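Numbering (the numbering used here), first residue to last: 35 to 487.
Reading through the structure tokens given below for one structure.
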Ligand SMILES: Cc1cc2nc3c(=O)[nH]c(=O)nc-3n(C[C@H](O)[C@H](O)[C@H](O)COP(=O)(O)OP(=O)(O)OC[C@H]3O[C@@H](n4cnc5c(N)ncnc54)[C@H](O)[C@@H]3O)c2cc1C
């Protein structure tokens, strides 16, 4: 048993939690992995030096480390492991926005919403907007390469990360990248760490680039009889333009959201698309007209367009609330599969067929404009037969995406819950290269054991 007293003594009073009741609240992330363990202790450092002290103690005692941001992972990446130290970045706070470079240097525990707010206070904008933006951290976003609603036009987290400070598995802290917009010195390590799911190091600082504020967006909502017609309309739109948002909700998710918000969504619709254009002036009007026409040609029974930001925000909020709304109907197995956009209609129809074959409810929401869908498989955990059928459906949905040349995860990461399907997508050679990189940076295998590999 490692001497935890030495770690407690090396850090400020109260920084290491060992009370079983407190440890219990760090066992799970949002994925609710039934195999979650209990940490030996939870460390809540404030500084990079305190992270280094913790990592060095872990390395010396061969104790694994789980890095945790806000624990909103939907793939079990921050789930605790028995006997490991969980390093929570929640107390690593602070942000500096620099107007001259249009950058922000963020401590990893800052929430995405706080980064956005700090940028906005300087008349700037941090675009990546996961639906969880009010509750997830920028460190977690960098570690998972988080996407979101506006990413179809503005790109995902990696497109904004200019530099990182990372504590390696042996306790060294390195800096990669910086505030410079272009940088080809050395291997592109910043991009290696973004999306590495805590396997290669602990991110202790994130430098992001900021944009001028987004222009006010106009919104078009289309209601379709079937998921195929809606997704074919997505293909038609994206072949011609790149809207600022293009989201999809099927009948089950529309009804689940309507149960919560009672905002008058059409409960009889087969699917709904929500698109936005933030192009200025005549270009915006033309883009809006193009989207409306594509929706109508695609078979929309109703098309509604608005310039009113509050009306538009109401639909965006409806889409954002979809996961918690569907969660009210039972436990969820949450997929994150993506395909090249022309394959989207076949994917969503394939998911419908899988749901029917296994007699389970699968609600589908999607960041449709970038081909990234979230089939949400609903099941009753107290019904073993339904739980078994849900697991089979989970498996088949990922198999379908891989078969179609797509991905098992577009933005949530592999974590613990999807790693069984990773080799099928990447192949043995890529897995071997991945394992080689991991072994080079973390030869003891201390960081996030059980994730990805
Ligand atoms: C309702 C809901 C909606 C969501 N919508 C979206 C969405 O639209 N798009 C999207 O991309 N995601 C979405 N997510 C998933 C989740 O919010 C993101 O994956 C987010 O980036 C995780 O951030 P976190 O701070 O909660 O990280 P955690 O859940 O704590 O950790 C996630 C992973 O990152 C690692 N990690 C965390 N911090 C660090 C660090 N500082 N250094 C190294 N590794 C670290 C962890 O070990 C883990 O592997 C949603 C989640 C919920 C609950």
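Think of the CB as a built atom: it goes at the ideal place given N, C-alpha and C, for glycine as much as any other residue.
Note that the structure is a prediction, hence the values are computed from the model and not measured.
Quick one: does the C-beta of residue i sit closer than 7 Å to a heavy atom of ligand 1?
i           : result
residue 140 : no
residue 390 : no
residue 161 : no
residue 164 : yes
residue 89  : no
residue 184 : no
residue 231 : yes
residue 476 : no
residue 445 : yes
residue 100 : yes
residue 177 : yes
residue 69  : no
residue 111 : yes
residue 114 : no
residue 482 : yes
residue 108 : yes
residue 64  : yes
residue 224 : no
residue 92  : no
Do residue j and residue i count as a contact pair if the criterion is CB distance below 8 Å?
i           : j           : result
residue 163 : residue 183 : yes
residue 372 : residue 266 : no
residue 485 : residue 124 : no
residue 61  : residue 72  : yes
residue 191 : residue 228 : yes
residue 393 : residue 362 : no
residue 442 : residue 455 : yes
residue 180 : residue 480 : no
residue 120 : residue 136 : no
residue 268 : residue 307 : yes
residue 159 : residue 277 : no
residue 141 : residue 239 : yes
residue 328 : residue 270 : yes
residue 196 : residue 241 : yes
residue 194 : residue 243 : yes
residue 338 : residue 305 : no
residue 410 : residue 378 : no
residue 398 : residue 284 : yes
residue 152 : residue 138 : yes
residue 74  : residue 143 : no
Apart from the five residues on each side of it in sequence, which residues of its chain come closer than 8 Å, Cβ to Cβ, to residue i?
i           : result
residue 335 : 257, 258, 259, 303
residue 90  : 204, 205
residue 251 : 278, 279, 310, 311, 312, 343, 346
residue 465 : 456, 457, 487
With a threshold of 6 Å on Cβ separation, who are the neighbours of residue i within its own chain once the five nearest residues in sequence on each side are excluded?
i           : result
residue 453 : 486
residue 436 : 458, 459
With H, G and I counted as helix, E and B as strand and the rest as coil, what does DSSP make of residue i?
i           : result
residue 133 : coil
residue 95  : helix
residue 310 : strand
residue 149 : helix
residue 400 : strand
residue 6   : The displayed coordinates of the chain run from 35 to 487. Any statement about residue 6 would go beyond what the structure contains.
residue 377 : helix
residue 463 : helix
residue 192 : helix
residue 265 : helix
residue 293 : helix
residue 81  : coil
residue 408 : strand
residue 69  : coil
Skipping 5 residues on each side, what residues in its chain have a beta carbon closer than 7 Å to that of residue i?
i           : result
residue 110 : 63, 65, 67, 449, 450, 451
residue 217 : 211
Using a Cβ cut-off of 8 Å (strictly closer), state whether residue i contacts chain B.
i           : result
residue 464 : Absent here is chain B; the protein component of the structure consists of one chain.
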